[in-house]
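Data first, discussion second: the structure below is written as structure tokens.
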Amino acid sequence: MPEIGNFSIILVFVFSAYAVLASLIGAKTDNRRLIRSAERAVIINFAMITLAVVTLWTLLLTDSFTVAYVSAHSNRDLPFFYKFSSLWAGQEGSLMFWGWLLSIYSIFCVLQNRNRHRAMMPYVIVVLMATQCFFSILNLFVANPFTTLAIAGPGGSQAFAPPDGNGLNPLLQYPMMVIHPVMLYLGYVGFIVPFAFAMAALATKQLGDTWIKTTRRWTMVAWFFQSCGILLGAAWAYHVLGWGGYWGWDPVENASLMPWLMGTAFLHSVMIQEKKGMLKVWNMVLIICTFFLCIFGTFLTRSGVVSSVHAFAQSAIGTYFVIFLSIVLASSLTLLFDRLKYLKSENQLDSMVSRESSFLFNNLILLAACFAVFWGTMFPVISEAVKGVKITVGAPYFNKINFPIGLFLLFLTGVGPLFAWRHTSLKSLRKNFLMPVFLGFAVGVVLFAFGIHDFYALMCFMLCVFVTTTIVAEFYKGAKARGRSSGEDFLTALINLTHRNTRRYGGYVIHFGIVLIFMGVAGAAFNKQVKADMAVGERAHIGSYTLQCTDIQNDDNPNYSSQRALLAVYHNGVKQNYTLRPEQRFYKASGQPTTEVALHTSAVEDLYVVFSGTVNSDKAIIQAFVNPLVLWIWIGGLVVVFGTVIAMIPSKGEMERRNAWETEWEHIIAAREEELNQVAKERTRA
Amino acid sequence: MKGKGKFIAGAVIIVAAIAWLAFSGFNESKSYYKTVDELMAMKDPHNVRLKVAGDVVKGTIDRQGRHLSFKIQQKGIIVPVNYVGDETLPDTFVDGVQAVVEGTYDQAGVFQADKIQAKCASKYQAKQKAYETQNKT
Numbered sequence: 003m004p005e006i007g008n009f010s011i012i013l014v015f016v017f018s019a020y021a022v023l024a025s026l027i028g029a030k031t032d033n034r035r036l037i038r039s040a041e042r043a044v045i046i047n048f049a050m051i052t053l054a055v056v057t058l059w060t061l062l063l064t065d066s067f068t069v070a071y072v073s074a075h076s077n078r079d080l081p082f083f084y085k086f087s088s089l090w091a092g093q094e095g096s097l098m099f100w101g102w103l104l105s106i107y108s109i110f111c112v113l114q115n116r117n118r119h120r121a122m123m124p125y126v127i128v129v130l131m132a133t134q135c136f137f138s139i140l141n142l143f144v145a146n147p148f149t150t151l152a153i154a155g156p157g158g159s160q161a162f163a164p165p166d167g168n169g170l171n172p173l174l175q176y177p178m179m180v181i182h183p184v185m186l187y188l189g190y191v192g193f194i195v196p197f198a199f200a201m202a203a204l205a206t207k208q209l210g211d212t213w214i215k216t217t218r219r220w221t222m223v224a225w226f227f228q229s230c231g232i233l234l235g236a237a238w239a240y241h242v243l244g245w246g247g248y249w250g251w252d253p254v255e256n257a258s259l260m261p262w263l264m265g266t267a268f269l270h271s272v273m274i275q276e277k278k279g280m281l282k283v284w285n286m287v288l289i290i291c292t293f294f295l296c297i298f299g300t301f302l303t304r305s306g307v308v309s310s311v312h313a314f315a316q317s318a319i320g321t322y323f324v325i326f327l328s329i330v331l332a333s334s335l336t337l338l339f340d341r342l343k344y345l346k347s348e349n350q351l352d353s354m355v356s357r358e359s360s361f362l363f364n365n366l367i368l369l370a371a372c373f374a375v376f377w378g379t380m381f382p383v384i385s386e387a388v389k390g391v392k393i394t395v396g397a398p399y400f401n402k403i404n405f406p407i408g409l410f411l412l413f414l415t416g417v418g419p420l421f422a423w424r425h426t427s428l429k430s431l432r433k434n435f436l437m438p439v440f441l442g443f444a445v446g447v448v449l450f451a452f453g454i455h456d457f458y459a460l461m462c463f464m465l466c467v468f469v470t471t472t473i474v475a476e477f478y479k480g481a482k483a484r485g486r487s488s489g490e491d492f493l494t495a496l497i498n499l500t501h502r503n504t505r506r507y508g509g510y511v512i513h514f515g516i517v518l519i520f521m522g523v524a525g526a527a528f529n530k531q532v533k534a535d536m537a538v539g540e541r542a543h544i545g546s547y548t549l550q551c552t553d554i555q556n557d558d559n560p561n562y563s564s565q566r567a568l569l570a571v572y573h574n575g576v577k578q579n580y581t582l583r584p585e586q587r588f589y590k591a592s593g594q595p596t597t598e599v600a601l602h603t604s605a606v607e608d609l610y611v612v613f614s615g616t617v618n619s620d621k622a623i624i625q626a627f628v629n630p631l632v633l634w635i636w637i638g639g640l641v642v643v644f645g646t647v648i649a650m651i652p653s654k655g656e657m658e659r660r661n662a663w664e665t666e667w668e669h670i671i672a673a674r675e676e677e678l679n680q681v682a683k684e685r686t687r688a
Numbered sequence: 002m003k004g005k006g007k008f009i010a011g012a013v014i015i016v017a018a019i020a021w022l023a024f025s026g027f028n029e030s031k032s033y034y035k036t037v038d039e040l041m042a043m044k045d046p047h048n049v050r051l052k053v054a055g056d057v058v059k060g061t062i063d064r065q066g067r068h069l070s071f072k073i074q075q076k077g078i079i080v081p082v083n084y085v086g087d088e089t090l091p092d093t094f095v096d097g098v099q100a101v102v103e104g105t106y107d108q109a110g111v112f113q114a115d116k117i118q119a120k121c122a123s124k125y126q127a128k129q130k131a132y133e134t135q136n137k138t
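Line order of the protein sequences matches chains A and B. Going left to right, the first sequence walks through residues 3 to 688 as our numbering numbers them. Going left to right, the second sequence walks through residues 2 to 138 as our numbering numbers them.
The structure is reproduced here in structure tokens:
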């Protein structure tokens with residue numbers, strides 16, 4: 003069985019390498035047949051890696067512990083669902099999974115575009131399959147998921163199967179943790195499509211905005227998955243790890259944030275290229291950096307180069323990644339440099355108070371954030387290389403930089419869409435901003451009067467109101483105007499308005515989701531926590547809550563033994579009708595304790611309680627947190643998801659145009675084929 | 002060109018502000034990352050913030066209610082650690098695990114840690130390593 007897996011990975015390597023060469027030679031010599039053959043290799047490549055993935059799944063589900071990967075990441079009693087997800091629980095499997103997702107993207111990309119963009123496709127395939135080739139090399143030589151266990155016995159080594167596997171880390175046995183890596187990887191891998199098209203545009207000198215228009219939706223898909231992945235990771239940390247927070251600036255978290263920040267900058271600045279023909283070089287740089295950071299993120303999580311709570315054992319894999327990343331950077335930048343003369347800007351920046359400049363500032367700020375995170379994350383490595391001492395930086399560094407950056411970004415989110423292209427007149431500024439600014443300040447004054455004096459939090463809430471007002475006004479004004487001209491009622495007008503320009507209005511919805519997330523994050527300024535040792539009957543106070551310990555219970559089952567405290571809750575002196583049951587478990591198979599957080603969520607605040615054992619077995623050690631507004635982070639995440647879905651729906655006009663265009667294309671192709679047939683017939687007659 | 006000039010001026014101001022924040026944030030939160038044996042080799046280990054990595058010595062974790070002390074070791078050198086932080090310990094913090102403690106090393110030779118991290122995957126990796134060694138022999 004493992005041999006099938008090994009063999010198919012070898013074939014993945016062979017076919018991806020072939021696709022790269024055939025595409026490259028085919029494009030250089032203008033040999034259509036060779037290019038076709040490369041396209042088919044992409045399809046076979048997908049089939050082969052699918053076979054490898056199915057093989058590993060089969061091995062996992064049949065408890066084949068003779069395979070090292072299976073025995074390390076699964077065990078007999080593991081629920082089906084988690085056995086399935088063990089595919090991406092460890093290094094070897096997750097790298098193969100990465101390759102599999104890449105092959106899925108590749109096949110869609112090739113099938114969708116091979117006729118539309120004949121000139122660019124060979125180079126797109128080169129980029130896709132070269133990356134695939136790299137991952138298959140990793141799977142073959144450094145992280146083979148099909149390595150089998152053997153022990154030395156009489157007459158050579160013998161296959162060896164331990165009676166049971168090590169099991170999946172209990173911390174990962176959580177539904178959110180099953181889809182979090184999938185989402186993140188779909189995001190990481192997804193950015194390869196715009197990158198591949200960018201490289202193809204450079205290679206073929208087709209440097210208009212075709213590559214951007216073609217990959218617009220792909221970029222959104224990748225961004226969508228990455229956003230989901232990051233939020234799911236945060237939610238997992240919050241609900242499972244039990245330290246009361248959701249973001250700790252851990253290198254692995256940063257690894258997912260960096261490409262997201264860069265990708266967000268890219269997503270915005272391509273709009274300027276589409277509208278104004280500006281920033282062509284800049285967009286190239288952004289997509290190169292985004293792709294680089296996606297691979298780099300995979301590298302950070304997989305190599306253990308920066309130590310982190312997630313760190314995996316340091317392995318030879320780092321060298322491979324460094325080589326690959328160097329090749330990516332060197333080749334893409336060389337290509338870009340060589341094509342600079344074709345990337346002249348068609349317009350100039352006219353005014354500071356314009357849509358263009360707000361986009362530029364947005365880019366600058368996102369990049370600054372990305373660079374700051376990069377610097378902080380990599381500082382131990384950099385300082386060791388330069389000065390020979392490993393210096394790490396902690397959360398205060400990241401917070402100090404990113405709070406003001408975040409606020410400025412939020413401000414731009416509000417003003418950007420309301421600025422006109424080129425130049426905004428004072429009159430329109432007054433018209434558009436009077437209301438939002440007024441409401442923002444009004445809310446600020448009220449909050450200040452109610453005792454909210456934290457500078458950043460207050461600024462953040464004011465900006466949230468400001469931005470929300472601008473968004474609501476945009477929808478309202480648009481729908482009103484449409485209703486007046488078409489006679490539709492408000493709701494119909496609102497829906498049609500959105501449908502006419504899904505990217506714009508979907509974008510506003512995403513912005514609103516981001517506002518909610520900011521609001522939730524700002525709530526952290528008012529977090530409270532308390533520690534208490536509570537005997538049964540004793541009370542502890544936190545904020546407006548009072549906790550009373552009503553019982554301490556012990557439990558035991560084959561999987562784990564557990565101990566928990568039962569806490570009655572009083573809010574403002576009123577007894578609540580729920581009981582909190584924070585628990586501590588000890589998993590027998592893995593010998594690992596886990597904390598089960600007890601959480602009571604409301605729109606205003608979360609009551610978050612952790613139980614960490616007892617003192618003299620009669621006093622529960624309780625740590626309680628009150629975290630205001632956290633729920634809004636998750637709601638904001640859902641709004642972002644909803645907005646992205648809207649933005650991905652083709653606009654009404656766009657769909658009609660595309661259909662018309664495609665029909666026309668089919669006619670042209672049919673006519674051309676007819677012509678060729680005629681020629682062929684005449685030739686045979688002659 | 003007017004717009005461009007202004008934009009560059011704005012950009013410079015922003016970048017300078019961020020650089021300043023980065024610098025001050027950096028000085029507030031930097032700590033030297035050492036392993037236990039490197040800590041011993043340091044000339045003046047007492048007045049700086051440190052992050053020290055080592056393996057938790059088996060059987061030394063001593064919990065007295067909230068109070069926690071243990072020993073970490075690397076290459077045979079052992080340092081006692083006293084936990085003075087108020088965060089709940091990570092679940093992965095158990096005997097023998099590789100831990101990173103953050104805090105200061107006091108004059109009495111006890112490490113006063115206010116943060117403890119434990120590397121979660123090491124146990125699994127270690128077991129697998131053992132299998133692989135068997136594999137090779």
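All residues carry an ideal CB built from backbone N, CA and C; glycine is no exception.
| request: Quick one: using the 10 Å Cβ neighbour count with 16 as the cut-off for buried, is Ser427 (chain A) buried or exposed? | output: For this step, residue 427 (chain A) is matched to residue 425 along the first sequence. By the neighbour-count rule (16 or more Cβ atoms within 10 Å), Ser427 (chain A) is not buried but exposed.
| Ser546 (chain A) versus Val599 (chain A) - alpha carbon distance | Translated into positions along the first sequence, residue 546 (chain A) becomes position 544. Translated into positions along the first sequence, residue 599 (chain A) becomes position 597. About 20 Å.
| request: Check the Cβ-Cβ distances between Met260 (chain A) and every residue of chain B, and say whether any is below 9 Å. | output: Indexing the first sequence from 1 puts residue 260 (chain A) at position 258. Taking Cβ atoms only, chain B never reaches closer than 9 Å to Met260 (chain A), which makes this a no.
| request: With a 10 Å radius around its C-beta and 16 neighbouring C-beta atoms as the bar for buried, classify Lys215 (chain A) as buried or exposed. | output: Counting from 1 along the first sequence, the entry for residue 215 (chain A) is found at position 213. So Lys215 (chain A) ends up on the exposed side.
| Cutoff 9 Å: Ala313 (chain A) Cβ touching any chain B Cβ | For the purposes of this step, residue 313 (chain A) is taken as residue 311 along the first sequence, with counting starting at 1. The pLDDT assigned to Ala313 (chain A) is 41, lower than 50, so where the model puts this residue is not dependable; a value taken from the coordinates is nonetheless given after this. Cβ-Cβ to chain B under 9 Å: yes for Ala313 (chain A).
| Coil, strand or helix - Ala422 (chain A) by DSSP | Taking the first residue of the first sequence as position 1, residue 422 (chain A) is located at position 420. In the structure shown, Ala422 (chain A) sits in coil (DSSP, three-state: anything other than H, G, I, E or B).
| message | Let me confirm a value: Glu658 (chain A) is counted as buried when at least 16 other C-beta atoms fall within 10 Å, else exposed. Which label applies? | response | Residue mapping note: residue 658 (chain A) aligns to position 656 of the first sequence, counting from 1. Exposed is the call here.
| field | Beta-carbon gap between Leu366 (chain A) and Val283 (chain A) smaller than 9 Å | value | Taking the first sequence and counting its residues from 1, the one referred to as residue 366 (chain A) is at position 364. Taking the first sequence and counting its residues from 1, the one referred to as residue 283 (chain A) is at position 281. Going by C-beta atoms, Leu366 (chain A) is not nearer than 9 Å to Val283 (chain A).
| said: Just verifying my parser: in three-state terms, what is the DSSP assignment at Pro81 (chain A)? | reply: Counting from 1 along the first sequence, the entry for residue 81 (chain A) is found at position 79. Coil, per DSSP.
| field | Interface residues of chain A facing Ser70 (chain B) [CB-CB closer than 8 Å] | value | Counting from 1 along the second sequence, the entry for residue 70 (chain B) is found at position 69. What Ser70 (chain B) touches in chain A: nothing, since even the nearest Cβ is about 15 Å away.
| Distance between beta carbons of Trp262 (chain A) and Gln228 (chain A), contact taken as under 8 Å | Your numbering for residue 228 (chain A) matches position 226 in the first sequence. Your numbering for residue 262 (chain A) matches position 260 in the first sequence. Confirmed, about 5 Å.
| Residues in the segment 391-425 of chain A with C-beta within 8 Å of chain B's C-beta atoms, listed in sequence order? | Val391, Lys392, Ile393, Thr394, Val395, Gly396, Ala397, Pro398, Tyr399, Phe400, Asn401, Lys402, Ile403, Pro406, Ile407 and Phe410
| message | According to DSSP, is Thr149 (chain A) part of a helix, a strand, or is it coil? | response | As a first step, residue 149 (chain A) must be located in the first sequence, where it is residue number 147. Reduced to three states, the DSSP call for Thr149 (chain A) is coil.
| task | Report yes if the CB atom of Asp92 (chain B) is closer than 9 Å to the CB atom of Leu243 (chain A), and no otherwise. | result | As a position in the second sequence, residue 92 (chain B) is number 91, starting the count at 1. As a position in the first sequence, residue 243 (chain A) is number 241, starting the count at 1. Contact: yes.
| Does DSSP put Ile14 (chain B) in a helix, in a strand, or in coil? | Along the second sequence, one-based indexing puts residue 14 (chain B) at 13. Note: Ile14 (chain B) maps to helix in three-state DSSP.
| query | In the DSSP assignment, what residue or residues form a beta bridge with Pro630 (chain A)? | reply | For the purposes of this step, residue 630 (chain A) is identified with residue 628 of the first sequence, where counting begins at 1. Looking at the DSSP output, Pro630 (chain A) bridges to A:Glu607.
| said: By the DSSP assignment, the beta strand (DSSP E) with Phe71 (chain B) in it spans what residues? | reply: Here the question's residue 71 (chain B) lines up with position 70 in the second sequence. Residues His68 to Gln75.
| message | Any beta carbon from chain B within less than 9 Å of Gln565 (chain A)'s own beta carbon? | response | The count along the first sequence starts at 1 and reaches residue 565 (chain A) at position 563. Not closer than 9 Å to any Cβ of chain B, the Cβ of Gln565 (chain A) fails to qualify, so no.
| said: With three or more C-beta pairs closer than 8 Å as the rule, is the segment 391-400 of chain A touching the segment 367-383 of chain A? | reply: yes
| query | Which residues mark the beginning and the end of the alpha helix (DSSP H) in which Tyr106 (chain B) is found? | reply | Translated into the one-based positions of the second sequence, residue 106 (chain B) becomes position 105. That residue, Tyr106 (chain B), is in no alpha helix (DSSP H); its beta strand (DSSP E) goes Gln99 to Tyr106.
| query | Taking DSSP as the reference, what is the three-state secondary structure of Val538 (chain A)? | reply | Here residue 538 (chain A) is taken as the residue at index 536 of the first sequence, counted from 1. Three-state DSSP puts Val538 (chain A) in coil, outside helix and strand.
| field | Which listed residue (B:Gln99, B:Asp38 and B:Phe24) has its alpha carbon closest to that of Lys120 (chain B) | value | Residue numbering aside, residue 120 (chain B) sits at position 119 when the second sequence is read from its first letter. Considering only alpha carbons, the answer is B:Gln99.
| said: By alpha-carbon positions, which one of A:Glu255, A:Ile648, A:Asp558 and A:Pro172 ends up nearest to Cys296 (chain A)? | reply: Residue mapping note: residue 296 (chain A) aligns to position 294 of the first sequence, counting from 1. Taking only the C-alpha atoms, the option nearest Cys296 (chain A) is A:Glu255.
| message | In whole angstroms, give me the CA-to-CA distance for Ala17 (chain B) and Ile393 (chain A). | response | Locating residue 17 (chain B) in the second sequence gives position 16, counting from the first residue. Locating residue 393 (chain A) in the first sequence gives position 391, counting from the first residue. Near 23 Å, if we compare the C-alpha coordinates of Ile393 (chain A) and Ala17 (chain B).
| Whole-angstrom distance between His270 (chain A) and Pro419 (chain A), CA atom to CA atom | In the first sequence, residue 419 (chain A) corresponds to position 417, counting from 1. In the first sequence, residue 270 (chain A) corresponds to position 268, counting from 1. The alpha-carbon atoms of Pro419 (chain A) and His270 (chain A) are separated by roughly 11 Å.
| request: Please go through the segment 10-73 of chain A and give each complete alpha helix (DSSP H) segment of 4 or more residues, from N-terminal end onward. | output: 34-63
| request: If I'm right that Phe294 (chain A) touches Val355 (chain A) with Cβ under 8 Å, what's the distance once you round it to whole angstroms? | output: For this step, residue 294 (chain A) is matched to residue 292 along the first sequence. For this step, residue 355 (chain A) is matched to residue 353 along the first sequence. So it is not a contact: roughly 34 Å between Cβ atoms.
| request: List in chain order: all unbroken beta strand (DSSP E) runs of 3+ residues lying wholly within the segment 550-591 of chain A. | output: 562-573, 576-582 and 585-589
| field | Exposure of Glu103 (chain B), with buried meaning 16 or more beta-carbon neighbours within 10 Å | value | Locating residue 103 (chain B) in the second sequence gives position 102, counting from the first residue. Around the beta-carbon of Glu103 (chain B), 16 or more other beta-carbon atoms lie within 10 Å, marking it buried.
| field | Per-residue DSSP class, three states only, for Gln126 (chain B) | value | Here residue 126 (chain B) is taken as the residue at index 125 of the second sequence, counted from 1. For Gln126 (chain B), the predicted structure reports a pLDDT of 42, less than 50, and the residue's modelled location is therefore unreliable. The matter cannot be settled from this model.
| request: For Ala12 (chain B), go through chain A and note every residue whose CB falls closer than 7 Å to its CB, in chain order. | output: As a working mapping, residue 12 (chain B) is identified with position 11 in the second sequence. Chain A residues near Ala12 (chain B): Leu366.
| request: Give the single residue among A:Val330, A:Leu209 and A:Glu476 whose Cα lies nearest to the Cα of Asn285 (chain A). | output: Indexing the first sequence from 1 puts residue 285 (chain A) at position 283. Residue A:Leu209 is the option with its Cα nearest to Asn285 (chain A).
| query | Are Val57 (chain B) and Ile73 (chain B) closer than 9 Å when you measure CB to CB? | reply | Here residue 57 (chain B) refers to the residue found at position 56 when the second sequence is read from its first residue. Here residue 73 (chain B) refers to the residue found at position 72 when the second sequence is read from its first residue. Cβ distance < 9 Å, so Val57 (chain B) and Ile73 (chain B) count as in contact.
| task | Look at Ile635 (chain A) and Leu233 (chain A) and say whether their C-beta atoms are less than 9 Å apart. | result | For the purposes of this step, residue 635 (chain A) is identified with residue 633 of the first sequence, where counting begins at 1. For the purposes of this step, residue 233 (chain A) is identified with residue 231 of the first sequence, where counting begins at 1. In contact: Ile635 (chain A) and Leu233 (chain A) (Cβ atoms closer than 9 Å).
| With 16 other Cβ atoms within 10 Å as the buried cut-off, status of Arg120 (chain A) | Taking the first residue of the first sequence as 1, we reach residue 120 (chain A) at position 118. Arg120 (chain A) is exposed by the Cβ-count criterion.
| field | Alpha-carbon spacing of Phe363 (chain A) relative to Phe199 (chain A), whole angstroms | value | Stepping through the first sequence from its first residue, residue 363 (chain A) is reached at position 361. Stepping through the first sequence from its first residue, residue 199 (chain A) is reached at position 197. Straight-line Cα distance between these residues: approximately 26 Å.
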